[in-house]
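Undergrad: Residue numbers (my numbering), protein chains in the order written: chain A, 1 to 486; chain B, 1001 to 1123. Glycine is no exception: its CB is placed at the ideal position from the N, C-alpha and C atoms. Here it is, the structure in full.
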């Protein structure tokens, strides 16, 4: 081919082609380069012409070619018409007859459009609302989206099971491994741990990534966070348990009511007034228990707004005593009450329920205690400083450590027939809503003591947020009480 | 003829009062126990003709009592009627082996006519 033809090839190349000397000065440039960067390029430094720099580039591919005589490839950003342009650069040596490198040719192809497309896909990759990672055959991470990196760290090159399972070896039924094996999409549910220690439930799908030869070169793993869904499921399960528990409780109460009515009816028909009286007491007692159950369910089901009002201590205690006197008598438990004068602000209905729940717990503790001794339940109430203090104690069966730790948990009940597992949970919740505290002390075989402190002053300025935060804390952990240590 | 003796095992005093009064009104003698341990002692000491028991009692003594009754050869012929507010359930012995079914299972609150028929049939 003659020199003219080679010249034509040089000029016609659809990319920027220049030749540089060892000083990185341009000694030749093709037409398209001259069109875009100026015709008078000879003698200019390449870094000045391409990039508008006044010093050479830190990793100059032309310099590398001069140094080792090899072809080099790099991605660069050049400056054209005041705008940045991404290019792929290839440099190659030009030898003289003696084999010495006398120049380097630099060919640069505009990849701006490709880069923009890449950037768009990268944005999609990073913004998609799930975790995406790509693993090689050794299960090492080769790529991950921004969301993944934010929650699990930038640990490319490390095995996936180390990064989000904190395991030392691959998972037993690894979906990624299965996809490598059969080339199919697989699905699984996993529990992973984020950088900040959160455990999250994930629905994982894996898909193969093929290379140009059709071989599976990597597997993409897409994980959707379903932790909230699982929490809703747990809540529904709890509701199911609640319904079952309430159903059992109600059946017991209906039995009691049936029994009371039977005793009254037959008492009248057989002229046995003592039986009528016994039946009436049973009916009264079970109606109170129904009321208590309904109130507890309502408190559980719906966060009732606190109805702040002045509450007279003696009136409250007298009312509570009246509700429980009959049951205490039936169980042959002495219910002793001591009350000082004073008042505090609170929700009368709620505080009444709270005290009834705690006292019922004490009566049950006495009923369950099989030791032959006189059983007693004490209720003491007084205003001490800026708090209304209630002490409810008994010499019943007492609680072991497990029972103490779970006493205020939902559905935990150590009782048989009438235990719905709501009573102490609700009492706890009511104390929290009043910004009070409840202390529990108990010794198995000796008895139990609850001490409730409620602030006297109205908390009318409590924001809705404060109340919600308080109730949310109770629903989640029930753990703001001060449990006795033994 | 001596009246048949029925042991009532239930931790709810109101249920015990109800059932014992009704049974006595219908010509039966009654014994009462408030948990499974006391129930077993009463069975061994007084040889009741039938046991009418709740299942859900504190410390799971209801289930323990039922297992114990079914475990002992000497009590193999003792009719046991379970009166309970629990829904569907299975009765298991140790190692998850199902236990023999009770004589009858009646939901609370009890249908007295049904309970009457069941007791008459069993005795």
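What does residue 435(A) touch in chain B if you count any residue whose Cβ is under 7 Å from its own?
TA: What residue 435(A) touches in chain B: nothing, since even the nearest Cβ is about 34 Å away.
Undergrad: Residues in the region 274-290 of chain A with C-beta within 8 Å of chain B's C-beta atoms, listed in sequence order?
TA: Flagged, chain order: 275, 278, 282, 285 and 286.
Undergrad: Roughly how many angstroms lie between the CA atoms of residue 341(A) and residue 1119(B), to the nearest whole one?
TA: Approximately 57 Å between the Cα atoms of the pair.
Undergrad: Who are the near neighbours of residue 195(A) in its chain, counting only those whose CB is closer than 7 Å to its CB and skipping five residues on each side?
TA: Closer than 7 Å at the Cβ level, and outside the excluded window around residue 195(A), lie 151, 152 and 153.
Undergrad: So, with DSSP's three-state summary, where would you put residue 295(A)?
TA: Correct three-state label for residue 295(A): helix.
Undergrad: Would you mind telling me which residues of chain B sit closer than 9 Å to residue 251(A), beta carbon to beta carbon, in chain order?
TA: Chain B residues near residue 251(A): 1084, 1085, 1086, 1107, 1108 and 1109.
Undergrad: Does the pairing of the region 271-284 of chain A with the region 1028-1041 of chain B give three or more beta-carbon distances under 8 Å?
TA: Too few Cβ pairs lie closer than 8 Å, so no.
Undergrad: Listing by chain order, which chain B residues have their CB less than 8 Å from the CB of residue 256(A)?
TA: What residue 256(A) touches in chain B: 1012, 1014, 1015 and 1018.
Undergrad: Determine the closest residue to residue 216(A) out of 266(A), 178(A), 239(A) and 99(A), with distance taken between C-alpha atoms.
TA: Per the Cα distances, 178(A).
Undergrad: Can you tell which of 197(A), 316(A), 430(A) and 398(A) has its C-alpha closest to the C-alpha of residue 441(A)?
TA: Looking at the Cα atoms, 398(A) is the closest of the given residues.
Undergrad: Less than 8 Å between the C-beta atoms of residue 104(A) and residue 94(A), yes or no?
TA: Cβ atoms of residue 104(A) and residue 94(A): closer than 8 Å.
Undergrad: Compare the C-beta of residue 375(A) with all C-beta atoms of chain B and state if any pair is closer than 8 Å.
TA: So no, residue 375(A) is outside the interface.
Undergrad: Residues in its own chain within less than 8 Å of residue 371(A) by CB, not counting five upstream and five downstream?
TA: Only 445 meet the Cβ criterion.
Undergrad: Cutting at 6 Å between CB atoms, please list the residues of its own chain near residue 382(A), excluding the five before and the five after it.
TA: Once the five neighbours on either side are set aside, the close Cβ partners of residue 382(A) are 340 and 389.
Undergrad: Can you find a C-beta in chain B that's less than 8 Å from the C-beta of residue 259(A)?
TA: Yes - at least one Cβ of chain B is within 8 Å of the one on residue 259(A).
Undergrad: Closer than 8 Å between beta carbons: that is the criterion. Which residues of the region 312-345 of chain A meet it against chain B?
TA: Result list: 330 and 331.
Undergrad: When DSSP labels each residue in this structure, what does residue 222(A) get in the three-state scheme?
TA: Three-state DSSP puts residue 222(A) in a strand.
Undergrad: Beta-carbon within less than 7 Å of residue 235(A)'s beta-carbon, same chain only, minus the 5 sequence neighbours each way: which residues are those?
TA: If we look at residue 235(A) and ignore the five residues flanking it on each side, it has no Cβ neighbours.
Undergrad: DSSP three-state label for residue 334(A), please.
TA: Looking at residue 334(A) - three-state DSSP - the assignment turns out to be strand.
Undergrad: Excluding five sequence neighbours on each side, which residues of the same chain lie with their C-beta closer than 6 Å to the C-beta of residue 379(A)?
TA: Counting only Cβ-Cβ distances below 6 Å, and skipping sequence neighbours, we find 337 and 392.
Undergrad: Going by CA-CA distance only, name the one from 189(A), 164(A), 42(A) and 450(A) that's closest to residue 173(A).
TA: Taking only the C-alpha atoms, the option nearest residue 173(A) is 189(A).
Undergrad: Run through DSSP, which three-state label would residue 152(A) get?
TA: Looking at residue 152(A) - three-state DSSP - the assignment turns out to be helix.
Undergrad: Is residue 1021(B) close to chain A, meaning its C-beta is less than 8 Å from at least one C-beta of that chain?
TA: Yes - at least one Cβ of chain A is within 8 Å of the one on residue 1021(B).
Undergrad: Ordered along the chain, which non-local residues of its own chain (more than five positions away) have a Cβ less than 7 Å from that of residue 465(A)?
TA: At residue 465(A), the pLDDT of 43 sits below 50, so the modelled position is not reliable and the matter cannot be decided from this model.
Undergrad: Is there a Cβ of chain B sitting closer than 8 Å to that of residue 363(A), yes or no?
TA: So no, residue 363(A) is outside the interface.
Undergrad: How far does the alpha helix (DSSP H) with residue 186(A) in it extend, from its first residue to its last?
TA: Looking at the DSSP string, residue 186(A) is not in any alpha helix (DSSP H); the run it does join, the beta strand (DSSP E), is 186-193.
Undergrad: If you follow the alpha helix (DSSP H) that residue 202(A) is part of, which residue opens it and which one closes it?
TA: Taken as a continuous stretch (DSSP letters only), residue 202(A) belongs to no alpha helix (DSSP H), being part of the beta strand (DSSP E) at 199-210.
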